[in-house]
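Each step along the sequence shown adds one to the number in numbering that gives the first Met the number 0, with nothing skipped, and position 104 is 103. Structure, as structure tokens:
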Amino acid sequence: MAVYWIGDIQGCDAPLGRLLESVAFSPSRDHLIVLGDLVNRGPDSAGVLRRLMALQGSVQCVLGNHDLHALAVAFGHSRPKRMDTLDGLLQATDRSTLIDWLRQQHLALWSHKVLSVHAGVLPDWTLDKTLSLASEVQAVLRGPDLPYFLAHMYGNEPKAWRDDLEGLDRWRVVVNALTRLRLCAADGTMEFATKDSAAQAPAGFMPWFDVPGRRTADIRVAFGHWSTLGRQDRSDIWALDTGCVWGGCLSAMRLGEDGQHQRIQVACEQAQLPG
């Protein structure tokens, strides 16, 4: 048995198929965890969802910002953006099945001693708190209040977590941290304007995983979302968004029964793997 964590797929079904084929993935033996942004910007979002759905109990997914955007568009609470490629999903004959499956996925997962999120974790959140807060929003995504939430999901405020937050403000901070976070200050204030490398961080801000005293520093965190971050050869984080949809490659981390991990990559159609 092996467990695989895969970074942002973003509708690139062909590379996903090649990656699973290259490792001889077996649903009866292996397990797959997808780190969000399953859909959008690539050519076949519906194909990605169908492939993952077919794996049934051998796959778990966390949701990314593009997945939540797809839900918002599907429920009529956001307009498609200029670079969106969601038409194939939204016009599919099995659209309702695909959308319903997507909304059932997670915002954070703890499995095989790895915390999986799409983007990041605020420095004051413990593992238990991260999972508990994710569970709160997961219940909203799966329940009757989803349209109300999607209508008010967007926004950068509040910029930091407080334990007394309630309702939409509370849910929005959780979503922003788990699906959009790259940089934050030592006090947990989030910054969303910077999307380039960590070297471009404004004064006082740093990658969320470098904040001193981060309360999840003693566990391994797997995440995607940050394609311009560059390779991070660290044991405490697995950064697996390597820009497949932008001409990079699709990356996975394999954890074997011996506890050893190995990075695996497949090129996208227009890409060349780095030397």
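Ideal Cβ placement from N, Cα and C applies to all residues, glycine included.
To the nearest angstrom, how far is the alpha carbon of residue i from that of residue j?
i	j	result
residue 139	residue 71	13 Å
residue 81	residue 193	20 Å
residue 262	residue 14	15 Å
residue 253	residue 159	34 Å
residue 221	residue 206	14 Å
residue 230	residue 213	21 Å
residue 166	residue 200	30 Å
residue 89	residue 73	7 Å
residue 259	residue 265	20 Å
residue 203	residue 190	10 Å
residue 48	residue 104	11 Å
residue 92	residue 100	14 Å
residue 232	residue 94	39 Å
residue 228	residue 196	5 Å
residue 23	residue 257	18 Å
residue 147	residue 127	27 Å
Using C-beta distances below 6 Å, list every residue in its chain close to residue i, excluding the 5 sequence neighbours before and after it, in chain order.
i	result
residue 208	236
residue 98	73
residue 275	This structure leaves residue 275 out entirely; the chain is present only between 0 and 274.
residue 183	189 and 207
residue 181	225
Starting from the C-beta of residue i, find all residues in its chain whose C-beta is less than 8 Å away, skip the five residues before and the five after it, and write them out in chain order.
i	result
residue 174	67, 106, 136 and 152
residue 157	164, 168, 171 and 172
residue 219	112, 113, 114, 234, 235, 236 and 237
Is the separation between the beta-carbon of residue i and that of residue j shorter than 8 Å?
i	j	result
residue 145	residue 102	yes
residue 50	residue 9	no
residue 238	residue 210	no
residue 18	residue 198	no
residue 223	residue 46	no
residue 249	residue 35	no
residue 16	residue 43	no
residue 30	residue 149	no
residue 177	residue 216	no
Near residue i, which residues of its chain fall below 7 Å by C-beta distance, leaving aside the five closest residues on each side in sequence?
i	result
residue 108	32, 59, 61 and 115
residue 28	0
residue 111	2 and 254
residue 161	none
Here's the rule: buried if 16 or more other CB atoms are within 10 angstroms of the residue's CB, otherwise exposed. What is residue i?
i	result
residue 155	exposed
residue 69	buried
residue 133	buried
residue 122	buried
residue 96	exposed
residue 187	buried
residue 55	exposed
residue 226	buried
residue 125	exposed
residue 53	exposed
residue 141	exposed
Have a look at the options and flag the residue whose alpha-carbon is nearest the alpha-carbon of residue i.
i	options	result
residue 244	2, 3, 11 and 4	11
residue 65	52, 179, 91 and 143	179
residue 57	26, 76 and 38	26
residue 83	92, 23, 75 and 38	38
residue 4	240, 246 and 257	240
residue 267	242, 23 and 257	242
Say the cut is 7 Å; is the CB of residue i nearer than that to a heavy atom of the ligand SAH?
i	result
residue 64	The ligand content of the structure shown is nil, which means the ligand SAH is not present either.
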